[in-house]
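> What follows is a structure written as structure tokens; I'll ask about it next.
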Amino acid sequence: NATFNFTGVAVSSGANPAFTATGGGTVNVTGGTNTLTTTTGTALSLNGVAGSLAFSNVSKNGAGTGIELTNVSAPVTIAAGSIQNTTVAGITIGTATASSGGAATFSYAGTVSNTSGRLIAVQNRTGGTVTFSGNLTGGGTGILVENNNTGSAKTITFSGATKTINTGANAAVTLTNNTGATISFTG
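The opening position of the sequence shown corresponds to residue 16 in this note's numbering, with each subsequent residue numbered one higher.
Have a look at this one:
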């Protein structure tokens, strides 16, 4: 598998995906000024990669999904951003497939806001820490934290000062089958 190293990433991709890495290998994004911006393309999509990724800002304003991580063993740190108006999901970590959420640390300090689709989904984590420290506002099908019950200890924290979720007939927060996980809503 190949190793790719990036420093000083600045991508504004319009309707196209901003940063996608799949199929294995090591991806390192270092430095303090890495930014990703898109409208209807996914801002950050990772599947099956190792390494370490740090971004100062990841933003998306439009249909689809903002950030999606599947089978990622690379820590991902995002210091700021705005994921808004998504129609599928603001941020997804893992899928319905067992162990697809991985155990790498993930932190997102930006805001997430949508009116349809999932606001945030964290599924099938096998360990590690996930932190959403920005404000969350939205509707659609709300927050899903599900099947985070295998592997080592895992922590999922929603610590933004504001969490306003109006989903109508849908559940605003769904927590299912998370034995061994610590899930916190603070702020």
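Using N, Cα and C, we set each Cβ at its ideal position, and we do this for glycine too.
For residue 58 and residue 74, which I take to be in contact (beta-carbon distance under 8 Å), what is that distance rounded to the nearest angstrom?
Contact flag correct, Cβ pair sits at about 7 Å.
> Under 7 Å Cβ to Cβ from residue 47, same chain only, skipping five residues before and after it: list those, please.
So the qualifying residues of the chain are 71.
> Which residue comes first and which comes last in the beta strand (DSSP E) that contains residue 194?
Segment: none, residue 194 is in no beta strand (DSSP E) and carries neither H nor E.
> Under the three-state reduction of DSSP, which class applies to residue 145: helix, strand or coil?
If DSSP states are grouped into helix, strand and coil, residue 145 belongs with the strands.
> With DSSP run on the structure shown, which of helix, strand or coil describes residue 30?
Coil, per DSSP.
> What is the rounded straight-line gap between the Cα of residue 94 and the Cα of residue 184?
If I take the Cα positions, the gap works out to 33 Å.
> Within the same chain, show all residues whose beta-carbon is closer than 6 Å to that of residue 22, passing over the 5 residues directly before and after it, in chain order.
Hits under 6 Å: 45, 46.
> Just to confirm before moving on: does the CB-CB distance between residue 69 and residue 49 stay below 8 Å?
Yes. Within cutoff.
> What does the Cβ neighbour count give for residue 27, buried or exposed, with the cut at 16 atoms within 10 Å?
It counts as exposed.
> Curious, which full-length beta strand (DSSP E) runs of at least 3 residues does the region 31-65 contain?
With a minimum length of 3 residues, the continuous beta strand (DSSP E) runs that stay inside the region 31-65 are 34-37, 41-45, 50-53, 59-62.
> Let me know the secondary structure DSSP gives residue 69 once reduced to three states.
Strand.
> Tell me the DSSP bridge mates of residue 129?
For residue 129, which the question treats as bridged, DSSP gives the partners 101, 153.
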